[in-house]
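Engineer:
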Amino acid sequence: MEEITLVVNGVPKRIVVDPKKSLLKVIRDDLHLTGTKEGCSAGHCGTCAVLVDGEVTMSCRYPVEKAKDKKIVTIEGIGTFENPHPIQVAFAANGAVQCGFCTPGMVIRAKALLDKNPKPARDEIVKAVQPHLCRCTGYVKVFEAIETAGAFLRKEIDSLEPKQGEKIVGEEVPRRDALAKATGTTLFADDIPIDNCTYMKVVRSPHHHAKIVSIDKAEALAVPGVLAVFTAEDVKGTNILKMAGDDQPVICGGKVRMVGDPVAAVVATTKKAVKEAVGKVKVVYEELPAVLTYEEALKEGAPQIHDGKPNVFFEQPIVYGDVEKGFAEADVVAEHDFSTQVIEHGYLENDSGVAYIHENGQLVVMSGSQNIHQHKNTIAGAVGIDPANVRVIQTATGGAFGGKLDVSVGGILGVAALALQRPVKLIYTREETFAVTTKRHGFRMKAKIGAKKDGTLTALKMDVIADGGAYKSFSGSVVTRGIVHSSGPYRFSNANVTGKAVYSNSAIRGAMRGFGAPQTAF
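Just so we're aligned, residue 0 is where the sequence shown starts under numbering that gives the first Met the number 0, counting upward by one.
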């Protein structure tokens, strides 16, 4: 540990800290300035951007020892909600803010650019913003916001507010929460201050498919500050996250079905202790044959991912007219195989949440979510309490796109909070988010279309197979929506379309924008 002096937002700060600790961790954990976000921990996404002596710096990869005696400006030092900087107002007024998780970093970048170049061309703005990822806005509104702020600072315009006319339809209306997000005051799950908080890390399977032979908690429990190590035996309810599916455990008991499946959860009083202890839980596995693709899953004699259940877990046909008659009437018949890839949602806020017991006895779970009412019932059943005794609060959600329809952190947090009667916080790493959250399904489609020379479409036959991964999630709904939309905007007099969802020992597939329609539309 070392005493280091920083000048943060114009105020000298003297802290005793590990000199190798990242500037981001110091800003958030030691100085409690939560406007600067942690998105990737690798310096690639831009959410952690701050100014160090006027230069944009990715604070997640910047050791605090390098910042000694330097002038650091975070989003809070640019402007506040009560006294915002024109750049922040321009972001809000121009529609450059959606989920808001990436916005503080972009405001920092815009400030640095306009300080050095008061009148940047559009291509200079585009180049400046390139290091910043955003899954929501499409960037054009960001460029426009920077241009507007520059014009205001140069006194070429006298207002940053969008012009309001007499009409309603077609007028620009700023989001009510935009300025709070642009000033970094919006609280996402990891930003929420909780007294007496404890911290969780999850022990995850390194195998695609394996039996859990034994779990030794002793070394982990011996780490100072560790409060508990939870396994499937500690879950008092069904231990199943019954959302759209009915087969995904909160904590795996008998076996694991994908890399990243949760096997145990460690809770400690400090982040340092839980990080040390999670690596000391000793799990013995017996590896089982893994099925990694739908082709393997469909083979005769293929290993069953879920004991006693076929690997094809969903089938849906849509039939109308006489498809063979339609092909017989066609002048042209086209037939081809198509496939689409698995896609990661790519939201910048990793899955995160905090759970605690309210003074009225309710279990309260706060997390980024797209479906709080169903999450409430799902968590209640999984942990074994009445839904009336569960409250789910949606925090600001840093992107989702369907990926936060499923329960990720809520169930396992509920188990720990109920057992410990203390607040528990769980923040996924970027690697965890990539490995264990749901993805867009890859589809394999065999399509055959008949048409007449005058353009009349006479027949459509399509067979769709979706790899659902290790658990059902929303696969049934996704496949159904996909085959319903398989004709696109066109009318066919005759159709025979079938859809299947298949288990494999790969990452779970679930909801994503379009819900199956983009695959078949392709």
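In this text, a Cβ means the ideal position worked out from N, Cα and C, and glycines have one as well.
In the DSSP assignment, the beta strand (DSSP E) including Leu425 goes from what residue to what residue?
Structural biologist: Val423 to Ile426
Engineer: Relative to the C-alpha of Ala267, which residue among His206, Cys196 and Ile507 is closest?
Structural biologist: Cys196
Engineer: Buried or exposed: which applies to Cys340, given that a residue is buried once 16 or more other Cβ atoms fall within 10 Å of its Cβ?
Structural biologist: For clarity, residue 340 is Gln in the given sequence; the question names Cys instead. Label assigned to Gln340: exposed.
Engineer: Determine the closest residue to Ile371 out of Glu334, Leu287, Gly401 and Val391, with distance taken between C-alpha atoms.
Structural biologist: Val391
Engineer: Can you tell me the Cα-Cα spacing of Val344 and Ala327, whole angstroms?
Structural biologist: As written in the sequence, residue 344 is His, which differs from the Val given in the question. The alpha-carbon atoms of His344 and Ala327 are separated by roughly 43 angstroms.
Engineer: Report the option in Met57, Ile124 and Glu64 whose CA atom is closest to the CA atom of Met0.
Structural biologist: If we check each option's Cα against that of Met0, Glu64 comes out closest.
Engineer: Considering just the uninterrupted stretch of the beta strand (DSSP E) at Thr388, what are its terminal residues?
Structural biologist: Sequence check: residue 388 is Asn here, not Thr. Run containing Asn388: none; DSSP gives neither H nor E here.
Engineer: What span of residues does the beta strand (DSSP E) with Thr56 cover, start to end?
Structural biologist: Glu54 to Met57
Engineer: Can you tell me which residues form a DSSP beta bridge with Gln315?
Structural biologist: Gly498
Engineer: Do you know how far the Cα of Ser21 is from the Cα of Val55?
Structural biologist: For Val55 and Ser21, the distance between alpha carbons rounds to 15 angstroms.
Engineer: Whole angstroms are fine: how far does the CA of Asn495 sit from the CA of Ile211?
Structural biologist: 44 angstroms
Engineer: Determine which residues share a DSSP beta bridge with Met365 and list them.
Structural biologist: Val353 and Ile392
Engineer: Helix, strand or coil for Pro62, going by three-state DSSP, please let me know.
Structural biologist: Strand, per DSSP.
Engineer: In this structure, how does DSSP classify Phe100 when only helix, strand and coil are distinguished?
Structural biologist: Per DSSP, reduced to three states, the secondary structure at Phe100 is coil, with no helix or strand assignment.
Engineer: Whole-angstrom Cβ separation of Met199 and Val265, contact assumed at under 8 angstroms?
Structural biologist: Correct: roughly 7 angstroms between the Cβ atoms.
Engineer: Where does Asp385 land, buried or exposed, given buried means 16+ other C-beta within 10 angstroms?
Structural biologist: Flag for Asp385 reads exposed.
Engineer: Using DSSP with H/G/I as helix, E/B as strand and the rest coil, what is Pro11?
Structural biologist: strand
Engineer: Taking 8 angstroms as the limit between beta carbons, can you name the residues of its chain near Leu159, skipping five residues before and five after?
Structural biologist: Pro85, Val88, Ala89, Ala92, Thr147, Ala148 and Phe151
Engineer: Quick one: is Lys452 buried, meaning 16 or more other Cβ sit within 10 Å of its Cβ, or exposed?
Structural biologist: So Lys452 counts as exposed.
Engineer: Taking 6 angstroms as the limit between beta carbons, can you name the residues of its chain near Pro316, skipping five residues before and five after?
Structural biologist: Only Thr497 meet the Cβ criterion.
Engineer: Just to confirm, are Asp549 and Lys36 a CB contact at a threshold of 8 angstroms?
Structural biologist: Nothing about residue 549 can be read from this structure; the chain reaches only from 0 to 521.
Engineer: Apply the 10 Å Cβ neighbour rule to Lys67 and answer buried if 16 or more other Cβ atoms are within range, or exposed otherwise.
Structural biologist: exposed
Engineer: Below 8 angstroms between beta carbons: does that hold for Arg508 and Thr437?
Structural biologist: yes
Engineer: Going by beta-carbon coordinates alone, are Pro130 and Gly45 separated by less than 8 angstroms?
Structural biologist: Yes, they are a contact pair.
Engineer: Can you find at least 3 beta carbon pairs, one from the segment 392–400 and one from the segment 96–109, that sit closer than 8 angstroms?
Structural biologist: yes
Engineer: For Phe514, is the classification buried or exposed, using 16 other Cβ atoms within 10 angstroms of its Cβ as the cut-off for buried?
Structural biologist: buried
Engineer: For Phe473, count the other beta carbons within 10 Å of its own beta carbon; 16 or more makes it buried, fewer makes it exposed. Which is it?
Structural biologist: buried
Engineer: Between Ala41 and Leu23, what straight-line distance do the alpha-carbon atoms span, to the nearest angstrom?
Structural biologist: 12 angstroms
Engineer: Here's the rule I'm using: 16 or more other beta-carbon atoms within 10 Å means buried, otherwise exposed. How should Val172 be labelled?
Structural biologist: exposed
Engineer: Taking just the CA atoms, how far does Lys403 sit from Lys274?
Structural biologist: 25 angstroms
Engineer: Answer yes or no: do Thr457 and Gly468 have a C-beta to C-beta separation smaller than 8 angstroms?
Structural biologist: no
Engineer: Please return the same chain residues whose Cβ sits closer than 7 angstroms to the Cβ of Glu285, not counting the five positions on each side in sequence.
Structural biologist: If we look at Glu285 and ignore the five residues flanking it on each side, its Cβ neighbours are Ala209, Lys210 and Val212.
Engineer: So what's Glu275 in DSSP terms, helix, strand or just coil?
Structural biologist: helix
Engineer: Using the rule of at least 16 other Cβ atoms within 10 Å of the residue's Cβ for burial, across every protein chain shown, is Phe313 buried or exposed?
Structural biologist: buried
Engineer: Let me make sure I understand the geometry here. Which of Met242, Val128, Ile77 and Lys499 has the alpha-carbon closest to that of Gln373?
Structural biologist: Met242
Engineer: Which residues share a DSSP beta bridge with Val265?
Structural biologist: Lys200 and Val228
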